[in-house]
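Q: Here you go, one structure.
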Amino acid sequence: MSHGSTEKCEPNFTPLLDLVLQLVMFFMLCANFVLEQTAVEIKLPEAIAAKALDKNEGDPIFLNINSKGQVLLSRNQMEDKEALDTPPELEAYLKRAAKREYRATTRKAEDPPIDWKPQTTLIMRIDKDTTFEKSYPLMKACRQANYSKVELRAILGQ
Amino acid sequence: MSRRKRKADDDVQPDLPITPMLDMSFQLLAFFIMTFNPTPTEGQIRMALPPPDMGDSRSSTPPSPADEKPMKWAVVVLATDNGQIAKMTLREEGATDDRGEDLGASVATGLLPRIKKLADEDKRRRDAAAAEKPPRTIPPPKLTLEIGEKLLHAYVVQLMDASVQAGFTDIAPVPIDKKNR
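Chains as they are written, first to last, in the numbering used here: chain A, 1 to 158; chain B, 1001 to 1181.
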């Protein structure tokens, strides 16, 4: 009364596990990328002619501006406040950043000369529902802080 | 003794349980798939912030074709109360006619084709100057967007986008009211 072999027939799960782990890794990396990009909720407008960030431009300063015209600071930008409510506050913040850049590039402890222009690019991520009367004073604050490279962030359109 | 010898000869095969690891991996995979929300690709449009002492574009002297000065154009954009474009007017800097050219309210059909034509004409002028002997260099044209204060940023970017598409590189958005510049 033999009932055949009693050997177990197990499928080989190892390649499947490899594949799944690779997929997990892909989604983990993408999730990190998403967190970095959308640290602050800003609804950006679309633009066809917008160009991706040039890697040679160094570390730009991102200014996230909500529809109320407040500049929301990310964790690494924060000083003593989480947001800059008025254009003079933004101007003072940018002047402090310019002073740090001057001291880092020239290795001098003194303040930058009045006509010195920071080389850092300012990228303004302005909410699409912000009116021009709220966004323009912030652009003006960038100019008064002597920043010449100012760019508007937009979603790349079709 | 024979039993002990047989035991030593047996191959040792460690049994690594793959199934629980696979279960856990599937759970992780499900979590990341459900929370996956790719952000759209972002890009920048460069703008030229005008100097603080920028005056009225209508009051300056008109540039003559012989001057090696850039052509300067201004588009006045009026806004509706809900922040949309009400009307656009194109004006050449120094032009005697204050009314300018009416471009309607559509960026795609009104503004873009008109400023593209201007940018193309200016490019031909600069190319001709560069081909002269001795060659002359004329800077690229400047476009000032004089924008109504109620206009939403979405439309500001739309205007700048159209200007870049037309071929302008020096684009300055400013308020219509000179006191606020």
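Quick reminder that beta carbons are idealized off the backbone N, C-alpha and C, glycines included.
In chain order, what residues of the same chain have a beta carbon less than 8 Å from the beta carbon of Asp127(A), not counting five sequence neighbours either side?
A: Ile42, Lys43, Leu44, Ile65, Asn66, Ser67
Q: Helix, strand or coil: how does DSSP classify Arg153(A) here?
A: strand
Q: Are the beta-carbon atoms of Leu152(A) and Met1047(B) separated by less than 9 Å?
A: yes
Q: Against chain B, does Gly179(A) count as a neighbour if the rule is that its beta carbon must be under 9 Å from one of theirs?
A: Past the boundaries of the shown model lies residue 179(A); chain A is included only from 1 to 158, so the question cannot be answered.
Q: Please tell me whether Gln1013(B) has its Cβ less than 9 Å away from any Cβ of chain A.
A: Contact with chain A is absent for Gln1013(B), since none of that chain's Cβ atoms lies less than 9 Å from the residue's Cβ.
Q: Quick one: what's Trp116(A) bridged to in DSSP?
A: In DSSP, Trp116(A) forms no bridge with anything.
Q: Can you tell me the Cα-Cα spacing of Phe62(A) and Met124(A), whole angstroms?
A: 6 Å
Q: If we count Cβ pairs, one from each stretch, closer than 8 Å, do we get three or more for the segment 1134 to 1154 of chain B versus the segment 1010 to 1022 of chain B?
A: no
Q: Output yes if chain B places a C-beta closer than 9 Å to the C-beta of Tyr93(A); else output no.
A: no
Q: Opposite Leu94(A) in the DSSP bridges: which residues?
A: Leu94(A) is bridged by DSSP to nothing; it lacks a bridge partner.
Q: I want to verify the contact list: residues of chain B whose CB lies under 7 Å from the CB of Val20(A), in sequence order.
A: Leu1022, Ser1025, Phe1026, Leu1029
Q: Taking 9 Å as the CB-CB cut-off, is Gly1104(B) touching chain A?
A: no
Q: Which residues does DSSP pair with Ile1045(B) in a beta bridge?
A: The partner list for Ile1045(B) (beta bridge, DSSP) reads Leu152(A).
Q: Looking at chain A, which residues of the segment 1130 to 1141 of chain B have a Cβ within less than 7 Å of any of its Cβ atoms?
A: none
Q: From the DSSP output, in three-state form, read off Glu57(A) for me.
A: helix
Q: Please compile the residues from chain B whose C-beta is within a distance smaller than 8 Å of the C-beta of Lys128(A).
A: Contact note: Lys128(A) reaches chain B through Leu1152, His1153, Ala1154, Val1157, using a C-beta cutoff of 8 Å and chain order.
Q: Closest to Gly1104(B) by C-alpha separation, out of Lys1150(B), Gly1043(B), Val1077(B), Gly1083(B), would be which residue?
A: Val1077(B)
Q: Return the CA-CA distance between Ala145(A) and Gly1148(B), expressed in angstroms with no decimal places.
A: 24 Å
Q: Which chain A residues sit within Cβ distance under 8 Å of Met1047(B)?
A: Scanning chain A for C-beta atoms nearer than 8 Å to the C-beta of Met1047(B) yields Met139, Val150, Glu151, Leu152, reported in chain order.
Q: Could you tell me which chain A residues have their CB closer than 7 Å to the CB of Gln1044(B), listed as they occur along the chain?
A: Ala50, Lys51, Leu53, Ile123, Glu151, Leu152, Arg153
Q: Count the C-beta pairs between the segment 1098 to 1112 of chain B and the segment 1167 to 1175 of chain B that are closer than 8 Å, then say yes if the count reaches three, no if not.
A: no
Q: Take Leu1112(B) and list the residues in its own chain whose beta-carbon comes closer than 7 Å to its own, dropping the five residues that flank it on each side.
A: Ala1162, Gln1165, Ala1166
Q: Give the DSSP-derived three-state secondary structure of Arg1181(B) in the structure shown.
A: coil
Q: Using Cβ-Cβ distances below 7 Å, what residues of the segment 1159 to 1171 of chain B are close to chain A?
A: Met1160, Asp1161, Val1164, Gln1165
Q: Kindly indicate if chain A contains any beta-carbon less than 9 Å away from that of Gly1083(B).
A: yes
Q: For a test of the three-state rule: what should DSSP assign to Gly1110(B), helix, strand or coil?
A: helix
Q: Quick one: any contact between the segment 49 to 62 of chain A and the segment 110 to 121 of chain A, if contact means 3 or more CB pairs under 8 Å?
A: yes
Q: Nearest chain B C-beta to Val71(A) closer than 9 Å, yes or no?
A: no
Q: Run down chain A in chain order and give the residues with a C-beta less than 7 Å from the C-beta of Ile1147(B).
A: Residues of chain A with a Cβ closer than 7 Å to the Cβ of Ile1147(B) are, in chain order, Phe132.
Q: Buried or exposed: which applies to Cys9(A), given that a residue is buried once 16 or more other Cβ atoms fall within 10 Å of its Cβ?
A: exposed
Q: Note down, in chain order, each residue of its chain lying with its Cβ closer than 6 Å to the Cβ of Arg1126(B), except the 5 sequence neighbours on either side.
A: Ile1138
Q: Among residues of its own chain, excluding the 5 on either side of Gly1110(B), which ones have a beta-carbon nearer than 7 Å to its beta-carbon?
A: Met1088, Leu1103, Gly1104
Q: Whole angstroms is fine: what's the gap from Met1071(B)'s alpha carbon to Lys1116(B)'s?
A: Rounded to the nearest angstrom, the gap between the Cα atoms of Met1071(B) and Lys1116(B) is 14 Å.
Q: Look up Met139(A) in the DSSP assignment and say whether it is helix, strand or coil.
A: helix
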